[in-house]
Each structure stands twice: as structure tokens, then as C-alpha cells.
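Position in the sequence shown (from 1) plus 6 gives the number in the working numbering.
Positions of the beta carbon are idealized from the N, C-alpha and C atoms, including for glycine.
These notes concern the structure reproduced below.
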Amino acid sequence: MASLKDRITARIEEVRARRPWVDHLVRMQEHYGRVGASQQAGAATYFAFLSFFPIMALAFFVVGWVAKVYPDARQALHHAINDVLPGLVGSGTGQISMGQIQDAAGAVGVFGLVGLLYAGLGWLSSLQSALLAVFGTPARERPNFIVAKLRDLATLVVLGLVLLVAVAVTGFVRGFSADVLDAIGISTGLDWLLAVLTVVVGLAANALLFFAMFVLLAHPDLERRSLWKGAALGAVGFEILKQLSGLLLNSARGQPAFQAFGIALILLVWINYFSRLTLYAAAYALTSEAPKVAPAAPVQGPSTPTLEVVPHAGTAASPVITFAAGAATMAVLASLFATLRRKK
Numbered sequence: 007m008a009s010l011k012d013r014i015t016a017r018i019e020e021v022r023a024r025r026p027w028v029d030h031l032v033r034m035q036e037h038y039g040r041v042g043a044s045q046q047a048g049a050a051t052y053f054a055f056l057s058f059f060p061i062m063a064l065a066f067f068v069v070g071w072v073a074k075v076y077p078d079a080r081q082a083l084h085h086a087i088n089d090v091l092p093g094l095v096g097s098g099t100g101q102i103s104m105g106q107i108q109d110a111a112g113a114v115g116v117f118g119l120v121g122l123l124y125a126g127l128g129w130l131s132s133l134q135s136a137l138l139a140v141f142g143t144p145a146r147e148r149p150n151f152i153v154a155k156l157r158d159l160a161t162l163v164v165l166g167l168v169l170l171v172a173v174a175v176t177g178f179v180r181g182f183s184a185d186v187l188d189a190i191g192i193s194t195g196l197d198w199l200l201a202v203l204t205v206v207v208g209l210a211a212n213a214l215l216f217f218a219m220f221v222l223l224a225h226p227d228l229e230r231r232s233l234w235k236g237a238a239l240g241a242v243g244f245e246i247l248k249q250l251s252g253l254l255l256n257s258a259r260g261q262p263a264f265q266a267f268g269i270a271l272i273l274l275v276w277i278n279y280f281s282r283l284t285l286y287a288a289a290y291a292l293t294s295e296a297p298k299v300a301p302a303a304p305v306q307g308p309s310t311p312t313l314e315v316v317p318h319a320g321t322a323a324s325p326v327i328t329f330a331a332g333a334a335t336m337a338v339l340a341s342l343f344a345t346l347r348r349k350k
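In C-alpha cells:
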């Protein structure tokens with residue numbers, strides 16, 4: 007009778023055979039564990055946590071100058087941060103004060119830039135290494151230190167712009183749709199439509215962010231369709247993560263433990279889950295299709311010579327002679343073994 011483990015394994019295999027999406031999820035999890043993605047996410051979390059506040063400081067510094075030309079820049083940054091981590095920035099207890107950082111914009115910019123060069127770009131390099139491991143992309147030869155850091159900085163700026171544009175588009179669609187519904191006098195009965203449209207646009211913006219990370223950091227040799235599948239999974243998970251983090255921040259704000267650890271603890275957990283989500287999305291994209299790059303061929307050693315009876319000059323060794331020689335050898339060994347047993 008088969009054991010419980012064997013029955014469960016057989017049942018899982020049956021479900022995988024009948025449900026391709028279940029098989030896809032299982033293959034994703036197997037690949038995630040095979041490449042040690044959890045450890046990769048831990049390394050990315052370390053650098054991301056160190057880089058979060060320097061990046062915010064530098065962002066406030068830049069926005070302080072941009073606001074002289076575009077006054078709504080501060081509000082756009084505020085919306086972008088709260089879209090990722092709802093309730094993080096504000097004037098309440100346990101929130102990051104935007105006004106205090108703006109008052110010290112000059113000093114914040116200098117220290118933020120120094121911290122960014124160490125931690126922010128270190129996070130980008132760590133996340134890139136993790137994505138390369140998940141996608142199985144061969145590591146490219148990096149240029150000298152200065153050129154590499156400038157390239158990483160440009161990539162970080164592009165990702166930040168993608169996030170800001172995505173949040174701005176989401177806010178524009180939300181506000182524009184509400185104005186249109188109010189203008190035609192049907193806003194009361196179609197509130198649900200506005201909510202659905204906002205969620206769809208938000209998911210599309212999240213998918214664009216994940217797709218940009220895959221392409222800019224890992225350059226995977228996959229079809230765009232597969233990358234978009236992984237980005238879609240990441241977008242759904244990211245939206246869920248944002249909502250859960252907002253609930254956690256709001257519920258923990260009045261707790262004594264929150265006063266001791268506060269935003270730092272929640273932020274650390276959030277970054278780790280975001281890193282894991284990114285690598286899960288990459289693994290899902292990779293397992294959406296067979297890899298195009300064939301695995302490296304195993305190292306071949308010297309060929310082993312074939313054992314055969316060497317014929318005398320002018321004669322050819324036949325299969326009968328070879329078989330007879332082998333049979334005679336086995337008979338001698340069997341006789342010797344029987345003799346030794348009788349002596350015992």
C-alpha cells in the first residue's frame with residue numbers, strides 16, 4: 007500500500023496534469039527555491055533599507071528646486087510615496103514630515119547624495135544580481151567603477167520617473183473620470199465604475215514598473231509576452247502589498263511598540279516582501295516558456311578507450327571470440343570465489 011506521502015505526491019501530479027496554471031505555479035516555486043531567491047531578496051532588503059531615507063532625502067531636495075518652476079511637484083511626490091506606502095508621509099504621529107525635510111533641503115541634498123551613492127546604488131546592484139540569478143542571465147562584464155555607478159544612477163532615475171509617471175497617470179484618470187461623470191450627471195450611480203477603472207489603471211501602472219525593472223536590470227532573453235505575464239503577477243501582488251501596508255500603518259500608529267520601532271520596522275518588512283515579490287514575478291515570467299538559452303554543456307573528460315580483444319596481425323576479432331573471452335573470465339572468477347568459500 008502506498009504511503010501518505012506517495013499518495014499526496016501522486017495527487018499533486020494529477021492536478022498539475024489537469025490544471026496548467028497549477029503546474030506553472032509549482033514550477034515557479036521550484037525555480038524560486040532552486041536559485042536561492044529568498045537569500046537574494048534578503049541581500050536586496052539590506053541595501054534597500056539603507057537607501058530608502060537617502061533616496062527620499064535626495065528626492066525632496068530635487069523636488070524643492072523643481073517646485074520653483076512646477077509648484078505641484080511636491081504634491082506629486084507626496085502622492086507617489088503614499089501610493090507605494092499609504093500613510094507614510096504626513097504631519098501626524100509616527101509619520102515622516104515633508105515640511106521638516108524641505109526646510110533643510112540644502113544639507114539633505116548633500117548627505118542624501120552621499121548615502122545614495124553607497125546604499126541606493128548598492129540596492130540596485132543587489133537587486134540586479136538577484137534578477138540575473140532568477141532569469142539565468144549571464145552576468146555582463148561591468149565597466150569601471152565610475153561608469154558603472156553613473157549607469158546605475160541613470161537606471162534608478164528612470165525607474166523613479168516610471169513610478170512618478172504611473173502615479174500621476176493614475177491620479178489623472180481618477181480625477182478626470184470623476185469630472186466627466188459629474189459633468190454628465192451620472193456620478194452617483196456609477197461610483198463603482200470609477201473605482202474599477204482606478205484599480206485597472208493602477209494595476210497597469212504597476213505592471214509597467216515591474217516590466218521596466220526586468221528589462222533595465224536583467225535584460226532577460228525571453229519573449230515580451232512572458233515578461234508581461236510576470237509583470238502582471240507582480241502588479242497584482244504589489245497592489246495587495248500596498249493595501250496591507252496601509253492597514254498595518256494605520257492600525258499600529260497608536261500602539262506603544264510602534265513608538266519604539268515605528269516606521270523602520272514596518273518599512274523593513276515591506277521592503278523584504280517587495281523584494282520577494284519581484285523575484286517571484288521574475289520566476290513566473292521565466293517559467294512561462296522554455297528557456298531559449300540552452301544550459302551549458304558538461305565538461306568532457308578524456309574519452310575512455312573501448313575494451314576489446316586485440317587481434318593478432320592479419321586477423322579480425324569477431325563478436326564470438328569477444329563473448330567467449332568474457333565468459334571464460336567470469337567462469338574463472340566464479341571458480342576462485344567458490345574455492346575460497348570452501349576453505350572458510
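Local Cβ density within 10 Å of residue i, reported as buried at 16 or more and exposed below that
{"i": "Asn-150", "result": "exposed"}
{"i": "Lys-235", "result": "buried"}
{"i": "Ala-302", "result": "Low local confidence applies: a pLDDT of 48 at Ala-302 is under 50, so the model's placement there is unreliable, with the coordinate-based value given in what follows. Exposed: under 16 other Cβ atoms inside 10 Å."}
{"i": "Gln-134", "result": "buried"}
{"i": "Arg-40", "result": "exposed"}
{"i": "Ala-248", "result": "According to the sequence shown, residue 248 is Lys rather than Ala. Classification of Lys-248: buried, given that the 10 Å Cβ count is 16 or more."}
{"i": "Pro-226", "result": "buried"}
{"i": "Thr-15", "result": "exposed"}
{"i": "Tyr-76", "result": "exposed"}
{"i": "Asp-89", "result": "buried"}
{"i": "Gln-45", "result": "exposed"}
{"i": "Phe-178", "result": "exposed"}
{"i": "Trp-198", "result": "exposed"}
{"i": "Gly-208", "result": "buried"}
{"i": "Leu-10", "result": "exposed"}
{"i": "Leu-156", "result": "exposed"}
{"i": "Ile-87", "result": "buried"}
{"i": "Asn-212", "result": "buried"}
{"i": "Arg-282", "result": "buried"}
{"i": "Ser-257", "result": "exposed"}
{"i": "Ala-237", "result": "buried"}
{"i": "Ala-270", "result": "exposed"}
{"i": "Leu-253", "result": "exposed"}
{"i": "Ala-23", "result": "exposed"}
{"i": "Ile-272", "result": "buried"}
{"i": "Leu-385", "result": "Residue numbering for the chain in the displayed model covers 7 to 350; residue 385 lies beyond these limits and cannot be assessed."}
{"i": "Val-69", "result": "buried"}
Proximity winner among the options, relative to residue i (alpha-carbon distances)
{"i": "Leu-159", "options": "Asn-256, Leu-83, Ile-61 and Ile-246", "result": "Ile-61"}
{"i": "Tyr-290", "options": "Thr-161, Leu-239, Leu-56 and Glu-229", "result": "Leu-239"}
{"i": "Val-168", "options": "Pro-144, Ala-210, Gly-142 and Arg-157", "result": "Ala-210"}
{"i": "Ala-79", "options": "Thr-204, Leu-292 and Leu-170", "result": "Leu-170"}
{"i": "Phe-244", "options": "Arg-231, Leu-274, Tyr-286 and Leu-203", "result": "Tyr-286"}
{"i": "Thr-51", "options": "Ser-294, Ala-139, Leu-271 and Ile-277", "result": "Ile-277"}
{"i": "Thr-176", "options": "Asp-29, Leu-214, Leu-137 and Ser-232", "result": "Leu-214"}
{"i": "Arg-231", "options": "Arg-33, Leu-292, Ala-241 and Thr-204", "result": "Leu-292"}
{"i": "Val-140", "options": "Phe-220, Phe-66 and Leu-162", "result": "Phe-220"}
{"i": "Gly-42", "options": "Glu-19, Leu-138 and Val-21", "result": "Leu-138"}
{"i": "Ala-49", "options": "Leu-83, Trp-129 and Leu-162", "result": "Trp-129"}
{"i": "Val-205", "options": "Phe-216, Ala-218 and Val-173", "result": "Val-173"}
{"i": "Leu-255", "options": "Leu-91, Val-153, Arg-17 and Phe-53", "result": "Leu-91"}
{"i": "Thr-161", "options": "Ser-251, Ser-131, Gly-142 and Ala-288", "result": "Ser-131"}
{"i": "Leu-64", "options": "Arg-17, Ile-246, Gly-166 and Ser-251", "result": "Gly-166"}
{"i": "Ser-294", "options": "Arg-13, Met-34 and Val-153", "result": "Met-34"}
{"i": "Val-153", "options": "Leu-127, Gly-142 and Phe-59", "result": "Leu-127"}
{"i": "Thr-284", "options": "Leu-228, Leu-223 and Ala-201", "result": "Leu-223"}
{"i": "Phe-280", "options": "Trp-71, Phe-55, Val-202 and Phe-67", "result": "Phe-55"}
First through last residue of the alpha helix (DSSP H) which encompasses residue i
{"i": "Ala-136", "result": "127-141"}
{"i": "Lys-11", "result": "10-24"}
{"i": "Ala-73", "result": "Per DSSP, Ala-73 belongs to no alpha helix (DSSP H) and is neither H nor E."}
For residue i, the three-state DSSP class (helix, strand or coil)
{"i": "Asn-150", "result": "coil"}
{"i": "Ser-44", "result": "helix"}
{"i": "Pro-144", "result": "coil"}
{"i": "Pro-317", "result": "With a pLDDT of 47 at Pro-317, under the threshold of 50, the modelled position of this residue cannot be trusted; read the value that follows with caution. DSSP places Pro-317 in coil when its eight states are reduced to three."}
{"i": "Thr-293", "result": "coil"}
{"i": "Ala-331", "result": "Unreliable positioning characterises Ala-331 in this predicted model, as indicated by a pLDDT of 44, which lies under 50. The coordinate reading is nonetheless provided below. Ala-331: helix per DSSP, three-state reduction."}
{"i": "Leu-215", "result": "helix"}
{"i": "Leu-351", "result": "Because the chain spans 7 through 350 in this model, residue 351 falls outside it and cannot be assessed."}
{"i": "Leu-170", "result": "helix"}
{"i": "Leu-91", "result": "coil"}
In chain order, which alpha helix (DSSP H) runs of at least 4 residues are fully inside the segment 220-289? 230-258
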